[in-house]
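There are 2 protein chains.
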Amino acid sequence: MKKSDRTRQDILDATASSLATVGYTATTVKSIAESIGMQDASIYYHFASKDELVGQVLDIGTSLAVDAVDRALAELPDGHDQREALRVAIIAHAEAVLGGGDYPRANVRSFGQLPPDLVSRHRKGHRDYGQIWTRLIDDGVESGALRSDLNRSVARLVIIGALCWAIEWFDAGETVSASEVGEHVFQMVVNGLSAGQLQQNAVSV
Amino acid sequence: MKKSDRTRQDILDATASSLATVGYTATTVKSIAESIGMQDASIYYHFASKDELVGQVLDIGTSLAVDAVDRALAELPDGHDQREALRVAIIAHAEAVLGGGDYPRANVRSFGQLPPDLVSRHRKGHRDYGQIWTRLIDDGVESGALRSDLNRSVARLVIIGALCWAIEWFDAGETVSASEVGEHVFQMVVNGLSAGQLQQNAVSV
DNA sequence: GTCTATATTCAGATAGAC
DNA sequence: GTCTATCTGAATATAGAC
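Residue numbers (our numbering), protein chains in the order written: chain R, -9 to 195; chain V, -9 to 195.
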């Protein structure tokens, strides 16, 4: 590996770390440079702009999360219940975002702060990721494992919302691990909080 | 109403609108002033700083959301099922945040962008709001209406997460109304997505 | 490749006239 | 109360030496 590549990787790592902890706005080129002992101007030898650098970090994070979920789904045995597919996907997402290092966390933590250019740059990636969940829910409904009377878009966004929101309060080193958070989210989303018999009144939407 | 009060109210409204749509970072004193036909310097006659102004808007939004949920709970008939309490609270929250004007939306939209000072200023308000949900879940578990094997903090944050995340994608004028979003979230959180018999394996946490 | 120095822009905020 | 004019500080980014 050339020296240029090594430095470049250090910059990406430092950016991911900063984005994941303090978000986009508070991540400055100067602070990134300082954290790895460089001058801010030197960053521009490796990346054309702050947003180009941030964009690459976010791309890596998206790929890592997508790959983690894909890998978990690929390992399922044949003929699995579709609820089990949803379960391993949710847990894989939780592990990637909560326990999986700075890159996936950078996405979730910074998402609400990105300037319009970066948002549109990543719209496709986010839509593709949403597709994974859309298909899981569709398959679940069609196989009869999931109820069919709920709006699937809302269902998808409740799942993603619960998982993404978790990062706002989740603290590594908690008594609850990332995969346990995933397990709880799955239990709530699929089986519900209710202790009694099912009360699945159809919803008129 | 004095002229000073009128202007002050206009500034608050314009700030709430801006925070709700573009978030904290993109909300500048200049843009607020422009939207109501003033010079930016004039804002400082009414408010000591941007963060003081933003803080007041966020306070109003929190109060509106808390009041909406409290009112919905107060209207419940005696001897109601605790699931029904959770239902009306979730729907009231959805209506307040998604359909209830700029102030509550300002909170959710700006939350992830606030500087540390403002975060700690509002920590108490958020904790109080979380308390409402903690009590609803505790009451539900103790009355036997809700299962007792799930971590209650995770349950609370899944609910709040799902509701707060909704604002990132919810579009007024959608085919789904705010209260319908609330109804779906309730159905998912309490009864679950599963079509089949309950599979509530205890979770080891 | 990395440095020092600096240009540019824009934000929050203040001073003082009217 | 609101204005014009201005200060200050910070952030992105560039120029050019080494």
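Backbone N, C-alpha and C define an ideal beta-carbon position, used for all residues, glycine too.
- Ranked by how close their Cα comes to the Cα of leucine 147 (chain V), the residues R:Phe160, R:Thr17, R:Arg(-4) have R:Phe160 in first place.
- Counting along the chain, the unbroken alpha helix (DSSP H) around proline 106 (chain V) starts and ends at 106 to 132.
- Ranked by how close their Cα comes to the Cα of serine 138 (chain R), the residues V:Gly89, V:Ala185, V:Thr17, V:Arg77 have V:Ala185 in first place.
- Secondary structure of leucine 9 (chain R) (DSSP, three-state): helix.
- Remark: C-beta atoms of valine 171 (chain V) and leucine 54 (chain V) do not approach each other more closely than 8 Å.
- Taking 8 Å as the CB threshold, asparagine 97 (chain V) stays off the interface with chain R.
- The closest CA to that of arginine 142 (chain R), considering only R:Ala82, R:Gly115, R:Ile127, is found on R:Ile127.
- Under the 10 Å beta carbon count, glutamate 85 (chain V) is surrounded by 16 or more other beta carbons and is classified as buried.
- Scanning its chain for C-beta atoms nearer than 8 Å, with the 5 sequence neighbours on each side dropped, one finds around aspartate 129 (chain V) the residues Gln72, Ala75, in chain order.
- The alpha helix (DSSP H) runs of length 4 or more contained entirely in the region 139 to 166 of chain V are, from start to end of the chain, 142 to 159.
- The region -9 to 42 of chain V is shown to contain no whole beta strand (DSSP E) run of 3 or more residues.
- With a cutoff of 8 Å on beta-carbon distance, glutamine 103 (chain V) and glutamine 121 (chain R) are scored as not near each other.
- Fewer than three pairs of CB atoms, one per stretch, sit closer than 8 Å, so the region 24 to 37 of chain V makes no contact with the region 58 to 72 of chain V.
- Counting the other Cβ atoms within 10 Å of the Cβ of serine -6 (chain V) gives fewer than 16, which makes it exposed.
- In the DSSP assignment, aspartate 68 (chain R) falls outside any alpha helix (DSSP H) and carries neither an H nor an E.
- With its beta carbon less than 8 Å from one in chain R, glycine 13 (chain V) belongs to the interface.
- For alanine 152 (chain R), the CB contacts under 8 Å within the same chain, skipping 5 residues up- and downstream, are Val175, Met178, Val179 in chain order.
- Selection V:Ala145, V:Ala156, V:Thr18 evaluated against leucine 183 (chain R) yields V:Ala145 as nearest (Cα-Cα).
- When 8 Å is used as the limit between beta carbons, serine 184 (chain R) is near these residues of chain V: Arg73, Ala135, Leu136, Arg137, Val180, Asn181, Gly182, in chain order.
- The region 112 to 120 of chain V and the region 103 to 114 of chain R do not touch, with fewer than three beta-carbon pairs separated by less than 8 Å.
- Less than 8 Å separates the beta-carbon of histidine 36 (chain V) from that of threonine -3 (chain V).
- The DSSP-derived three-state label of leucine 136 (chain R) is strand.
- In this chain, the alpha helix (DSSP H) harbouring alanine 168 (chain V) covers 168 to 176.
- The shortest CA-to-CA distance from alanine 10 (chain V) to any of V:Glu42, V:Gly90, V:Pro105, V:Ile150 is the one to V:Gly90.
- Shown in chain order are the members of the region 121 to 133 of chain R whose Cβ falls below 9 Å from a Cβ of chain V: Ile127, Gly130, Val131.
- DSSP lists V:Leu136 as the beta-bridge partner residues of serine 184 (chain R).
- Taking C-beta atoms as the reference points, valine 47 (chain R) and leucine 2 (chain R) count as a pair closer than 8 Å.
- Using beta-carbon distances, alanine 23 (chain V) does not count as an interface residue toward chain R, since no partner is under 8 Å.
- Interface residue (Cβ-Cβ distance to chain R less than 8 Å): leucine 108 (chain V) is not classified as such.
- Counted as a single uninterrupted DSSP element, the alpha helix (DSSP H) harbouring valine 98 (chain V) occupies residues 92 to 100.
- By the neighbour-count criterion, in which 16 or more other beta carbons inside 10 Å mark a residue as buried, lysine 40 (chain R) falls on the buried side.
- At least 8 Å separates the CB of alanine 86 (chain V) from every CB of chain R.
- When C-beta distances to chain R are compared with 9 Å, the residues of the region 138 to 155 of chain V below that value are Ser138, Asp139, Leu140, Asn141, Ser143, Val144, Ala145, Leu147, Val148, Ile149, Ile150, Gly151, Ala152, Leu153, Cys154, Trp155, in chain order.
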